[in-house]
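Be aware that the sequence shown starts at 0, since it is given in numbering that gives the first Met the number 0, and climbs by one per residue.
For every residue, glycine included, the Cβ atom is placed at its ideal position computed from N, Cα and C.
Data block below; observations after.
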Amino acid sequence: MRTRRRPPDAAKEALMICSPPVAPHAPHALRPTPRSASALRTWAPILSLVAAAWIALPSLSFARAPRTLEDRWSVVMMQDQRVGWMRSASLEGESGEIITEMEMRMQITRGPATIPIEIDSAFHETPAGDPIRMRSTMRLGMAPVTTIYHFGDDEVRIVTEQLGRTSERVMPLPDGAWMTPGAASRHMQFQLEEGAESFTVSTIDPTVGLQVVESEFRILDRDVVVEALGRTIPAIRWSVRQSYMPGVEQIEYVNHQGESVRSEVNVGGMAMTILAADRELALSELTPVEIMASTLAKPDRPIENPRRTRRAAYILSLSEGKLPDLPSVGAQRFERIDARSGRIVTDLDARASAPDAEASDDVFLESSMMLDIKDPKIIELAERACADLPAGAEHAQIAETLRRFVSGYIDDKTLDVGFASASEVCRTRQGDCTEHGVLLAALLRARGVPARVVSGLIYVDEFLGAEGIFGYHMWTQALLEVDGDMRWVDLDATLSKPSDATHIALSHSALSDGEMINSMAALAPLIGKLEIRIESYE
0 MRTRRRPPDA AKEALMICSP PVAPHAPHAL RPTPRSASAL RTWAPILSLV
50 AAAWIALPSL SFARAPRTLE DRWSVVMMQD QRVGWMRSAS LEGESGEIIT
100 EMEMRMQITR GPATIPIEID SAFHETPAGD PIRMRSTMRL GMAPVTTIYH
150 FGDDEVRIVT EQLGRTSERV MPLPDGAWMT PGAASRHMQF QLEEGAESFT
200 VSTIDPTVGL QVVESEFRIL DRDVVVEALG RTIPAIRWSV RQSYMPGVEQ
250 IEYVNHQGES VRSEVNVGGM AMTILAADRE LALSELTPVE IMASTLAKPD
300 RPIENPRRTR RAAYILSLSE GKLPDLPSVG AQRFERIDAR SGRIVTDLDA
350 RASAPDAEAS DDVFLESSMM LDIKDPKIIE LAERACADLP AGAEHAQIAE
400 TLRRFVSGYI DDKTLDVGFA SASEVCRTRQ GDCTEHGVLL AALLRARGVP
450 ARVVSGLIYV DEFLGAEGIF GYHMWTQALL EVDGDMRWVD LDATLSKPSD
500 ATHIALSHSA LSDGEMINSM AALAPLIGKL EIRIESYE
């Protein structure tokens, strides 16, 4: 029989802090020779997963006996330690289609927990560069989630599989001009051969769904050498900026065929390097590094009784770079001061009305792989939680009932889980703030209450040995009628009360399919660089 664990008291609620959380598509016009698309694909999953401490993996078999055109291995370095490996491959299937594959494995630690990060993806296209299908398999918790996109003439059929359940939906083709990975790689090599000093490539990646990712390349030096694979390699050094992760610059060294030899990026004070390597070195034993402590933000002074605060004002600033616009939503208002700073004012008694577009958007009631409200277990759990409510109970009463239920239902409060779906959480009953936020959002939608999750910061008295800090956190927002208007109301299932004024929202997400990485990528420019000054609180 399962033993139920006692929920944490107020002094231990800090445990629920999370890790912080990225030419036209008529590619026939592009004809240079095929190369690896690693420069477009390498950092998309890693930056997003490190920013959110996510987990991901598995694979599917697509074509029988494919012929390997290219198979490249790399090691992933953080803090001078080998924390992972990557493999990229270009294959030719029996029917002549070109398959671009990518595998990534990493291990990091969050406090006492070691987290594996795993991704597999594949993109199938014709030799002419027309998309056929793409696949991404991720293990953000313990159960893998596989999404397959089948491309038609004007629409995409999307099949998602997790825990033995399969869902299917149809979406239009991505808007605008974009290229498949193979066509994009040929275009990149063509630009190098033509001596271009800068160029832009728009493509899509299985790990970020159907969002078109625009990558800007700027040549910094065409005549450098870099150490890799036990030898000195002539290389080109360029910078890469991607649209889904503004404010983050990657420095990459590629050989004269456009193949990545070394990549460098710094996120949240954490330097990451990917080096070309042989298979034996790439697959040797890893040394996980701790990433969570470096993301904590210490304000200029402590907050007394943080869980009782109802109003507060903060100055947020970046030590370098531009502070992005932060959300003005629910109880929070953002006022820009200058390029690097802004003021956050939170008043739990003065929530703003939700924008009309959000108040009428069905996306906050829809099912997705993270919030599968068609899962019989989710439906049963939502009904059980609300069994004692009177018929016709108001949404506000339903929301608070579900918040309290989730707080007690997740009885294994642990950092060992990366980012599990609601379907997984309702079965395992374990996780940290992300699992509380995701399960609550799913149960709210299952009961007809529009909901989404918020990623941001929360103040705690102590965490991982640090005192008086803001740590990255996730909670839920429900769209409720308050004083005759629809308003976003914060609901934190990790606390004994719904919320307090030390919650600072940095981004929010409906957790639609293909949106997970993108929503977390928005936090990357802030991690490790955010400075917080407390103006007032009460």
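* Taking the alpha-carbon positions, what's the GLY257 to THR113 distance? -> 35 angstroms
* Along the alpha helix (DSSP H) that carries TYR408, what are the first and last residues, could you check? => 394–408
* Asked: What is the rounded straight-line gap between the Cα of ARG40 and the Cα of ASP204?
  -> The predicted model places ARG40 with a pLDDT of 31, which falls under 50 and marks its position as unreliable, so this point remains unresolved.
* Would you call the CB atoms of SER316 and ASP371 closer than 8 angstroms? -> no
* To do: Could you name each continuous alpha helix (DSSP H) segment of 4 residues or more that falls completely within the stretch 62–140, going from the start of the chain to the end?
  => none
* To do: Keeping to the same chain, check which residues put their C-beta closer than 8 angstroms to that of SER214; ignore five residues upstream and five downstream.
  => ALA38, LEU39, THR199, VAL200, SER201, THR202, VAL239, ARG240, GLN241, SER242
* **Residues that DSSP places opposite VAL225 in a beta bridge** => ILE232
* Asked: Got a sec? Which residues, its chain only, sit under 6 angstroms from LYS321 by beta carbon, not counting five neighbours each side?
  -> ALA338
* Endpoints, alpha helix (DSSP H) assigned at ASP355 -> 355–358
* Pull up the distance between the alpha-carbon of LEU494 and that of THR179, whole angstroms please. => 45 angstroms
* Taking ALA440 as the reference, which of ARG486, ALA392, ASP482, ALA381 has the closest Cα? -> ALA381
* Could you check which residue in ALA281, ALA270, SER120, ASP355 has the C-alpha nearest to that of ILE526? => ALA270
* For SER73, count neighbouring C-beta atoms within 10 Å of its own C-beta (all shown protein chains included) and say buried if the count is 16 or more, exposed if not. => buried
* Start-to-end residues for the beta strand (DSSP E) that takes in VAL344 -> 340–346
* **GLN190 - containing beta strand (DSSP E), residue span** => Not the beta strand (DSSP E): GLN190 falls in the alpha helix (DSSP H), residues 180–192.
* What is the rounded straight-line gap between the Cα of PHE363 and the Cα of ILE397? -> 16 angstroms
* In three-state terms, what does DSSP make of THR427? -> helix
* Just checking my contact of LYS297 with ALA88 at CB under 8 angstroms: how many whole Å lie between their CB atoms? -> At roughly 44 angstroms, the Cβ-Cβ gap does not stay under 8 angstroms, so LYS297 and ALA88 are not in contact.
* Asked: Helix or strand or just coil, what does DSSP make of ALA384?
  -> helix
* **Beta-carbon separation (whole angstroms), ILE409 vs LEU438, contact threshold 8 angstroms** => 7 angstroms
* Taking three-plus beta-carbon pairs below 8 angstroms as touching, is the stretch 153–173 in contact with the stretch 96–110? -> no
* Asked: Ordered along the chain, which non-local residues of its own chain (more than five positions away) have a Cβ less than 6 angstroms from that of GLY436?
  -> VAL452, MET473, TRP474, THR475
* Report the option in PHE333, GLY208, SER293 whose CA atom is closest to the CA atom of ALA311. => PHE333
* Is there contact here, the stretch 499–510 with the stretch 293–308, by at least three beta-carbon pairs under 8 angstroms? -> yes
* Quickly, what does DSSP pair MET291 with across the bridge? List them, please. => Bridge partners of MET291: none, in fact.
* Residues in its own chain within less than 7 angstroms of GLU160 by CB, not counting five upstream and five downstream? -> THR145
* Can you grab the Cα-Cα spacing for the pair THR400 / ALA477, in whole Å? => 12 angstroms
* Asked: When DSSP labels each residue in this structure, what does HIS502 get in the three-state scheme?
  -> coil
* Per DSSP, which one or two residues make a beta bridge with PRO171? -> GLU154
* Excluding the five sequence neighbours on either side, which residues of its own chain have a C-beta within less than 6 angstroms of the C-beta of ARG86, listed in chain order? -> TRP72, GLU102
* Asked: For GLU537, which of helix, strand or coil comes out of DSSP?
  -> coil
* Cα-Cα separation, GLY151 to SER184 -> 23 angstroms
* Which class does GLY246 belong to by DSSP, given the choice of helix, strand or coil? -> coil
* Three-state secondary structure assigned by DSSP to ALA36 -> Because ALA36 carries a pLDDT of 31, less than 50, the predicted location of this residue cannot be relied on, and the following value inherits that uncertainty. Three-state result, ALA36: coil.
* How would you write the range of the alpha helix (DSSP H) that THR433 sits in, first residue to last? -> 432–445
* What whole-angstrom Cβ distance do ILE218 and GLU251 have, given they're in contact under 8 angstroms? -> Actually they are not in contact, since the Cβ atoms of ILE218 and GLU251 sit about 11 angstroms apart, beyond 8 angstroms.
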